[in-house]
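Residue 146 in UniProt numbering sits at position 146 of the sequence shown, and the numbers go up by one each step.
By construction, the Cβ of each residue, glycine as well, lies at the ideal position given by its N, Cα and C atoms.
Before any comments, here is the structure.
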Amino acid sequence: MIDLILAFDAKLHVFRNDIITRNYKYFPNLKQNINDLDIHEKPDEETVTEEFISVIDSSINEFSARFSQFKELPETLKFIMYPDVTSFDKLNLSQFDWLEIEEFEMQLIDFQSSSIWIQKFIETRKELELIETERLTSNISKNANNKILET
1 MIDLILAFDA KLHVFRNDII TRNYKYFPNL KQNINDLDIH EKPDEETVTE EFISVIDSSI
61 NEFSARFSQF KELPETLKFI MYPDVTSFDK LNLSQFDWLE IEEFEMQLID FQSSSIWIQK
121 FIETRKELEL IETERLTSNI SKNANNKILE T
């Protein structure tokens, strides 16, 4: 889900830039309406584009405010998916206080140094990717969440 949120945020900025540069690649109807304005109405083109930019800016601000905590979590989310390769110096360890694990850093170092666990995570990620690919391409009901619980 975080991927979708970050992608949507990036798309809002692309939409804003599209209007500012007046390419209107993503707004063909706006381009057509502006082109249909007669010569006497051309000064309104600036007003129309400013209004669209204002709406997109408001969307960006509201979206950023609502999902601001997601921008703080990328390394944590990366750690959840790739615990064997995530650098722990980039990790905000306070986000793991709820685990109540004594010497979390030391255990993480031991874990990341274990070739057995590293290989297990590599194999599990490959299997989860295959399950997800199959699910998306052939509507198989096999669920990656169940596979995670099995390991």
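Residue i (DSSP reduced to helix, strand or coil)
i	result
Ile5	helix
Thr124	helix
Thr133	helix
Arg16	helix
Pro67	Here residue 67 turns out to be Phe, not Pro, going by the sequence shown. Phe67 falls in the coil class under three-state DSSP.
Leu37	coil
Lys25	coil
Option nearest residue i by Cα separation, candidates the options
i	options	result
Tyr26	Pro74, Glu123, Leu128, Leu12	Leu12
Leu93	Leu73, Val85, Tyr82, Leu37	Leu73
Ser59	Asp9, Gln112, Trp98, Lys126	Asp9
Pro83	Ile131, Phe121, Ala7, Thr137	Phe121
Thr76	Pro28, Phe96, Thr137	Phe96
Ile19	Ile109, Gln119, Asp57, Phe88	Asp57
Leu128	Met81, Ala7, Lys31	Met81
Phe63	Asn33, Ala7, Asp36	Ala7
Residue i to residue j span [Cα, whole Å]
i	j	result
Thr133	Phe67	28 Å
Phe15	Ile53	9 Å
Glu50	Asp3	30 Å
Ile101	Val55	47 Å
Leu130	Leu108	27 Å
Glu45	Asn17	16 Å
Thr124	Ser114	16 Å
Neighbourhood of residue i by C-beta, 8 Å cutoff - its chain only, sequence neighbours within 5 removed
i	result
Ile5	Phe67, Phe70
Phe104	Leu93, Phe96
7 Å Cβ shell around residue i - same chain, five flanking residues per side excluded
i	result
Trp117	Asp84, Phe111
Beta-carbon contacts of residue i that lie in its chain and below 6 Å, excluding the five residues immediately before and after
i	result
Phe79	Thr86, Leu91
Alpha helix (DSSP H) runs contained entirely in the stretch 69–124, provided each spans 4 or more residues: Counting only runs of at least 4 residues, the stretch 69–124 fully encloses the following alpha helix (DSSP H) elements, listed from N- to C-terminal order: 74–81, 104–113.
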